[in-house]
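All remarks here apply to the structure that follows.
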Amino acid sequence: MADPASPSPPPRRFRRLGLGAALMVLLAGICILMAALVHGSWQRTSTKNANALVKEINTRIADTVAGNLQQILTNASASQEALRTIFFQDVIEITNEAKREFVFLSLLQSQPTISWVAFGWPDGNFFGARKDSDEGIRMVEVRHGAEGRPEPNLLRVDSYQPVVGDIHFLDRAISAKSFRSTEQDWYHAADQAKMPVWTEYTDTPLGQQPGIAISSKLRVYGHYLGVVMIGIDLDRLARFLTALKVTSHGRAFILAPGNKVLTASEIGATAGGWHDLAAVKDPLAGAILRAMAQDKMDIGSLAMPRTITVMDGMTEIEEYVTFTPLPFRHWVIATVIPAEDILGEIPGATRRLYMIVIASVVVVSLLGAFVAHRLISRPIAGIAAQMQQIERFHLDNLVYRPSRLRELDELSRALRLMGTGLSAFRKYLPADLVEILIREGIEAKPGGRTQPLTVLFTDLAGFTGLTEQAPDKIVEILGDHLDFMSRIVAAHAGTVDKFIGDSVMAFWNAPASNPHHALSACKAALACRAAFLQSAQGMQAATLGQVGLRIGVNSGAALVGNIGSHDRLNYTAIGDVVNVASRLESLNKRYGTDILIGEATFQEAGDGIIIRRVDKVAVYGRRGGIAVYELLGLAETRGELGDLAWIAQYDAGFERYLNRDFDGAVAAFREADRLRGRDEPSRRMILRCHRYIEQAPPVDWDGTDTAESK
1199 MADPASPSPP PRRFRRLGLG AALMVLLAGI CILMAALVHG SWQRTSTKNA NALVKEINTR
1259 IADTVAGNLQ QILTNASASQ EALRTIFFQD VIEITNEAKR EFVFLSLLQS QPTISWVAFG
1319 WPDGNFFGAR KDSDEGIRMV EVRHGAEGRP EPNLLRVDSY QPVVGDIHFL DRAISAKSFR
1379 STEQDWYHAA DQAKMPVWTE YTDTPLGQQP GIAISSKLRV YGHYLGVVMI GIDLDRLARF
1439 LTALKVTSHG RAFILAPGNK VLTASEIGAT AGGWHDLAAV KDPLAGAILR AMAQDKMDIG
1499 SLAMPRTITV MDGMTEIEEY VTFTPLPFRH WVIATVIPAE DILGEIPGAT RRLYMIVIAS
1559 VVVVSLLGAF VAHRLISRPI AGIAAQMQQI ERFHLDNLVY RPSRLRELDE LSRALRLMGT
1619 GLSAFRKYLP ADLVEILIRE GIEAKPGGRT QPLTVLFTDL AGFTGLTEQA PDKIVEILGD
1679 HLDFMSRIVA AHAGTVDKFI GDSVMAFWNA PASNPHHALS ACKAALACRA AFLQSAQGMQ
1739 AATLGQVGLR IGVNSGAALV GNIGSHDRLN YTAIGDVVNV ASRLESLNKR YGTDILIGEA
1799 TFQEAGDGII IRRVDKVAVY GRRGGIAVYE LLGLAETRGE LGDLAWIAQY DAGFERYLNR
1859 DFDGAVAAFR EADRLRGRDE PSRRMILRCH RYIEQAPPVD WDGTDTAESK
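Right, dumping it as C-alpha cells:
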C-alpha cells in the first residue's frame, strides 16, 4: 500500500504580500504610471519645442556671427584691394611718407573692424597704422640700415588720439627693433600667391598681438615693391563675440581645429587669441568639452550644424550646445545655451510636480491602504481565520463577521452555515484524529505503513448489568464515560481510533510522532483509571451498581494508515500488537487487575513506570507465552503507592512457581497478599499452585498458562 505519511517535495515558497499592501502598491503604481505618462508626453513636447527654439536661436546667432565675420573679412578684403589699387595706379607713391601716412590713417578710421593697415618692403622694412582697443592710433615704422651703422634697426612709433573731424598728435617713441616684414607668414604667403591670401599672425612690431591678415603683392609697372597687409586682431573678434547677446546666460565661441577657442584679453589675464579649450576656466567652455566628448566630435571635419544636449547625473538637460561650421579656415561657432534660458520655470515646475506626485502617491496609497484594510483586508483576514478553524475542525469558534461589501458578507454567512453543518457530522467522526491527519498532511486515500505503536484498550466491567438496571440513563452515562476517556487520551498525545460499545481503542506514535509513546500511553491509562474511579463513586452513590474499568496496553510494530475502500476509510492500526493489547484488557478479569501491559511496553517505558510481574500467559489465538505486567503507577509518584515490599514477595513466589516449588510459591504469594492487604493475582496464583500440587504439570511445562477465551 502507499505510504500516506511519506514526505512529498515541499511547495515552492514565494514572498507573499498582504492584500492591503498589494492594493497600496497597485494604487501607487497607477498614480506613478499616470504621472509618468503625463510627464513623458509633456517632456517630449517641451523637449521638442526647446530643441526647435534652440535651433532657431542658434541659426540666428550663427547667421549673425557668420554675417559679421563675413562683413569684417569683406571689408578687410575691400580695404586691401583699395589700398593696393591706390599704389598700383601710382596715385600715391609708396615711398611718399606723408601721403602714405594719410592714406593709412584714413583707411583705418573708415573701417572700425580693421586693426592694422601695413606695408612690407623686400628689404624687411615695415610701415603700418595700428588701431588700439581704446581707439587710439599709432603709426609704426621699422627701418633697417646698413650693417655697421649706429642704429641699423630703428622702430618709430607716433601716437595719435582721434577727435571729431581730426586727430591730435600725442607723442613719438623711437627704439631699436629687429622686426622684419619679410620673416612674417603674411608676407611669405602673399609673395608666393597670385591672389590676396588670408593668414594668421602673432608677431607685430608692437609685440605679440594674434590676428588674421589678408595680404597681396604690389607691383607697379612690373616692379615688385612689396606686400600690402590689412590685419584684424583676434582679440577684437573675441570681444565682439563676448558682447554678442545670445540668451540671458548663453554665449558664443569660435573654435578652431585642435580644440582651440578664441578668447578676449582681460585685465590680469593672458592676452586674447587662441587658447586650449580645456584650459579655459569657463563653465560654458566646459559644456563644449562635454558635448564634444559625448558626441565624439572632430571640429576639423564638421560639415553640418549639430546640436547636442549636455546632461547631468540625474539625466536632466544642463545646456544646449550647437556647433555650426564657418566659411573661414575650418572655424566653428559654438553656441552654449543653459537649459534654464530656454525652459525657464519648467525645471522648477517639474520638480514641484514631482513633489506633488510623490505626496499624492503617498496620500492615495495610505488612504487606499486604510480603506482596503477596513473594507477588504480585515474581513478577508477574518474569513481566512474562520477557514483555518474549519481546516482544524475547530467549528465552535466560527462566528458571523458582517462586512459592508456584499460578497464578503455573504461569504462569511456561508462559512458560518458550513460550520454549523459540519458540527453535526463531527459527532460521528473522531474530530481530534481528523485534525491530526490534516496537520500531518496525510491524504484521504487507502494506504499505510508499518511503524512502532503503543495500543490501549479499555472496557467497562459490569456494563451489561448497568444497562439492565438503568436503561434510561445508559446513553448519558456512556457518553460521559467516553467523553472523559477521549479527552484524557488526547491530553496525553494519543489518538482515539474507535469506540466499540463501551470500549475505547487508542494508539500513540501515529499519525503524530511521539518517541515516548509507551510512557505516554501508561500515563493515559493511569489517568483514565483515576478519572473512572471518581465517576464510579458517583454511579455507586446513585445506586447504579458496581462497575469497573479494565485497561490493556501493548507496544510493537503495526500497520497503521487509512484502511478501507475508496469510498469509506478508517484511520486505524492492525496487527498482532493490537490483538495482544485487546487480550491484555480481557486478562484483567482473569487476574482481578485494572491495568495490564505487555513486556514490550514495559521495556519501552523503562524506569518511568512502577510495575509488577503478574504471569506468563499464552493469550487466546496466539502461540507462545508472553510476560504480563500490572501497571501500578509512575516513578515520579512512587511515594503515593506506599510500601511496595509485597512486590518482592510476589516475585519470589513466581520464581518458585516457575521452578515447580509450588509449596514455596504458595507461602510467598500468601505473604504478598498479607503485605498488600489483599492482592487478587496472589490469591489466584495460590489456587493455581494448589491445582499443580494435586496434579503436576507436564514435563515440558515452562510456566506458561493458557487463556482459553478472549
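Under my numbering, think of the first position of the sequence shown as 1199, with each following residue one higher. We put the beta carbon where it would ideally sit given N, CA and C, even for glycine. The structure presented is a predicted model; accordingly, all values stated were derived computationally and were not measured.
| task | Count the other C-beta atoms from every protein chain shown that fall within 10 angstroms of the C-beta of GLU1783, then say buried if there are 16 or more, exposed otherwise. | result | buried
| request: Quick one: using the 10 Å Cβ neighbour count with 16 as the cut-off for buried, is MET1393 buried or exposed? | output: exposed
| Quick one: Cα of SER1753 to Cα of ARG1599, how far? | 48 Å
| Residue from ASP1805, VAL1673, GLU1878 with nearest C-alpha to ARG1836 | ASP1805
| message | I need the boundaries of the beta strand (DSSP E) containing LEU1830, first residue and last residue. | response | 1824-1832
| task | State the Cα-Cα distance for the pair TYR1827 and ASP1792, rounded to the nearest angstrom. | result | 11 Å
| field | PRO1202 in three-state terms, based on DSSP | value | Here the model assigns PRO1202 a pLDDT of 43, short of 50, so the residue's position is not dependable, and the following value carries that caveat. Coil, per DSSP.
| said: I need the straight-line Cα distance from ILE1270 to ALA1371, nearest angstrom please. | reply: 31 Å
| request: Pick out the complete beta strand (DSSP E) segments inside the stretch 1396-1441, 3 residues or longer, and give them in chain order. | output: 1405-1418, 1421-1431
| Residue of GLY1580, LEU1565, ASP1841, VAL1694 minimising C-alpha distance to TYR1769 | VAL1694
| request: Please look up how many angstroms separate the CB atoms of GLY1326 and VAL1315, rounded, as I've assumed it's under 8 Å. | output: 6 Å
| CB contact flag (GLY1762, GLY1646, <8 Å) | no
| Sub-8 Å separation of GLN1278 and SER1414 beta-carbons | yes
| request: Report the residue from HIS1421, LEU1267, MET1553 whose alpha carbon sits nearest the alpha carbon of PHE1451. | output: LEU1267
| Contacts around SER1193, its chain only, beta-carbon distance under 7 Å, and the 5 residues preceding and following it disregarded | This structure gives no information on residue 1193, because the portion of the chain shown stretches from 1199 to 1908.
| alpha helix (DSSP H) segment containing VAL1776, residue limits | 1774-1789
| request: Would you kindly work out how many angstroms separate the C-alpha atoms of LEU1482 and HIS1421, rounded to a whole number? | output: 52 Å
| With a Cβ-Cβ cutoff of 8 Å, do THR1799 and CYS1726 count as a contact? | no
| message | I'd like to know whether the C-beta atoms of LEU1487 and PHE1521 end up nearer to each other than 8 Å. | response | no
| request: Have a look at GLU1869 and ASN1712 and give me their C-alpha separation to the nearest angstrom. | output: 40 Å
| Is MET1502 helix, strand or coil when you go by DSSP? | coil
| query | If we count the other Cβ atoms within 10 Å of its Cβ and call it buried at 16 or more, is LYS1479 buried or exposed? | reply | exposed
| Quick one: what does DSSP say GLU1516 is sitting in, helix, strand or coil? | strand
| message | Residues in the same chain with beta-carbon distance under 6 Å from ILE1412, minus the five sequence neighbours each way, listed in chain order, please. | response | ALA1274, SER1275, GLN1278, PRO1394, TRP1396, ILE1428
| query | Smallest Cα separation from ILE1430: which of LEU1423, PRO1408, LYS1443, LEU1442? | reply | PRO1408
| Cα-Cα separation between THR1461 and ALA1485, rounded to whole angstroms | 16 Å
| Expressed to the nearest angstrom, what Euclidean distance is found between the alpha-carbon atoms of VAL1459 and TRP1472? | 5 Å
| Thinking C-alpha only, which one of GLN1847, PHE1860, GLY1823, THR1533 is nearest ARG1902? | It is worth fixing the name first, because residue 1902 is Thr in this sequence and not Arg. It is GLY1823.
| Which residue's Cα is closest to the Cα of TYR1518: PRO1503, TRP1529, ARG1527? | PRO1503
| said: Assuming GLN1649 and ALA1779 are in contact, meaning their beta carbons sit under 8 Å apart, how far apart are those beta carbons, in whole angstroms? | reply: In fact, because the Cβ distance is near 16 Å, the residues do not count as touching under 8 Å.
| query | Skipping 5 residues on each side, what residues in its chain have a beta carbon closer than 6 Å to that of ARG1748? | reply | ASP1657, ALA1659, GLU1783, ASN1786
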